[in-house]
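J.: Below you will find the structure I want to go over with you.
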Amino acid sequence: MEINLISDTVTKPSNEMINYMINCEVGDDVFKEDPTVNKLEEKVAKMFNMEKALFFPSGTMTNQTAIKINTNPGDQLICSKTAHVYNYEGGGVSFNSGVSCKLIDKERGFFSAADVVKTINPPDFYHSPKTSLVCVENTTNKGGGACWELSELKKIKYVCEENNLKYHLDGARIWNAVVKKNQDFSEYGSLFDTISVCLSKGLGCPVGSLLLCSEEDFQEAIRIRKVFGGGMRQSGYLAACGIYALENNIQRLSDDHHRAKEIEKVLKGLEFITKVEEVETNIIIFEIHEKFSSENFINHLRKEAVKLIGMGDNKLRLVTHMDYTQNHHDHFLDLLRNISL
Ligand SMILES: *Cc1c(COP(=O)(O)O)cnc(C)c1O
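Following the working numbering, the residues of the sequence shown are numbered contiguously, the last one being 341.
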């Protein structure tokens, strides 16, 4: 039995999802004539209580479009040092929007409203770039699947309003945060100018992301999506998977969270593991004693058909997901308990 704990993107569509997919009605979405894409966009906009949603092929393109519509060339955005938009989108912030990032270096990908205030460049000081956007990530990916407090996100919103800044949420894993914290998606819709969400993370879809925004931003977003090459034709087949996932696969994320918590507990009992970051959702980040090395640990598990990845500095990451079943889980915990390096 192969166990893949590299990411929550490794899932394959279930038979039920594929059945739903092949029975959907499609059309040409570049003319906005795909009924299934339109249905998904309306559904997601309604969930978040935002005016519009637009379907994208990837989370990266969604974030990049949000950054493009919220900034002008030469501007600067504020984000965590660990942010996906800064670290893992190929430098798209500068390539696509001509924007630089001012980074906040705090634990777990979080920062406070006070940190944002300190990081804004004075608007009349024309020597510095103009600050125009704040980006937060929930859950934080490199921060180990940690969830923001809504109260802090609200405080940051006030700072944005007072300083004329736009406010973007990279919500690739917002599903996990909402389930964990027992929140409502509309609480996020009321805070942000733009939100990106990923269907291909955690929910078991093969492809797809959406941008949530105002009617006015939607008109600009659809243009930018075309410029980026993201206008798709009969993409209703992909959107159908999204509809299926939103209706069936959100609440079950608590199983992933529960299993991640159990893995955390077993890891904490292993003598060669020096630190396990507190697990809140489905991501487990831990450090291994340098004497044993992360390569050694990865290779050892690879021989047992378990896949995971290193993050450098003897840090490793495991991510639980839909296709990591209870059988996999029992077997993996056994392997861990009996591991000798
Ligand atoms: C995965 C991810 C994205 C987007 O990823 P794609 O692979 O382009 O869909 C964006 N933000 C975060 C935090 C992510 O984890």
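Note that beta-carbon positions come from the ideal geometry of N, C-alpha and C, so glycine has one too.
State the CB to CB distance for the pair Q234 and D105, rounded to an integer number of angstroms; the pair is presumed to be in contact (CB under 8 Å).
T.: About 45 Å separates the two Cβ atoms, so there is no contact after all.
J.: Check for me: the beta strand (DSSP E) holding D170 runs from which residue to which?
T.: Per DSSP, D170 belongs to the beta strand (DSSP E) from 166-171.
J.: Decide if T325 is buried, meaning its Cβ has at least 16 other Cβ atoms within 10 Å, or exposed.
T.: Exposed, by the Cβ-count rule.
J.: G91: buried (16+ other C-beta within 10 angstroms of its C-beta) or exposed?
T.: Exposed, since its Cβ has fewer than 16 Cβ neighbours within 10 Å.
J.: Name the DSSP beta bridge partners of L318, please?
T.: Partner(s): I284.
J.: Taking CB distances under 8 Å as the criterion, tell me whether A66 reaches chain B.
T.: Judged by its chain identifiers, the structure shown contains no chain B, having just a single protein chain.
J.: Would you identify the three-state DSSP class for T139, choosing helix, strand or coil?
T.: Residue state, collapsed to three classes: coil.
J.: By DSSP, does V99 sit in helix, in strand, or in coil?
T.: Coil at V99, not helix or strand.
J.: Any heavy atom of ligand 1 closer than 7 Å to the Cβ of A66?
T.: No, Cβ of A66 sits at least 7 Å from all heavy atoms of ligand 1.
J.: Quick one: residues in its chain with C-beta nearer than 8 Å to the C-beta of E262, no 5 flanking neighbours on either side, listed in chain order?
T.: If we look at E262 and ignore the five residues flanking it on each side, its Cβ neighbours are H329, L333.
J.: In the DSSP assignment, find the unbroken alpha helix (DSSP H) run with V227 in it and report its ends.
T.: Where V227 is concerned, the enclosing alpha helix (DSSP H) stretches over 215-227.
J.: Where do the ends of the beta strand (DSSP E) carrying K275 lie?
T.: That run of the beta strand (DSSP E) goes 273-276.
J.: Is the segment 51-63 close to the segment 206-213, with three or more CB pairs under 8 Å?
T.: Enough Cβ pairs lie closer than 8 Å, so yes.
J.: Leaving out five residues on either side along the sequence, give the residues of the same chain with a beta carbon under 7 Å from the beta carbon of A221.
T.: L54, T65, I69, L211, C213.
J.: Can you give the beta carbon distance from I273 to I288, rounded, assuming they're within the 8 Å contact cut?
T.: Sure, about 6 Å apart at Cβ, within 8 Å.
J.: Rounding to the nearest angstrom, what Cα-Cα distance links I6 and K303 in this structure?
T.: Their Cα atoms are separated by approximately 15 Å.
J.: Should H127 be labelled buried (16 or more other beta-carbon atoms within 10 Å of its own) or exposed?
T.: When all chains shown are included, H127 counts as exposed.
J.: Rounded to whole angstroms, what is the Cα-Cα separation between S14 and N327?
T.: Whole-angstrom Cα-Cα distance: 17 Å.
J.: Closer than 7 Å by C-beta to V26: which residues in its own chain qualify, once you throw out the five before and the five after it? Chain order, please.
T.: Here the set comprises D34, T36, Q234, G236, Y237.
J.: If you follow the beta strand (DSSP E) that V197 is in, where does it begin and where does it stop?
T.: First-last of the beta strand (DSSP E) with V197: 194-198.
J.: By the three-class DSSP mapping on this structure, what secondary structure does A53 have?
T.: Looking at A53 - three-state DSSP - the assignment turns out to be strand.
J.: By alpha-carbon positions, which one of F297, I298, G269, A245 ends up nearest to K12?
T.: Of the candidates F297, I298, G269, A245, the one whose C-alpha sits nearest the C-alpha of K12 is A245.
J.: May I ask you to check if the CB of D256 is nearer than 7 Å to at least one heavy atom of ligand 1?
T.: Not under cutoff, so the answer is no.
J.: Specify whether the segment 87-103 and the segment 144-154 touch according to this definition: at least 3 beta carbon pairs, one from each stretch, less than 8 Å apart.
T.: No: fewer than three Cβ pairs fall under 8 Å.
J.: Rounded to the nearest angstrom, what separates D29 and F292 at their Cα positions?
T.: Using only the alpha carbons, I get a separation of about 52 Å.
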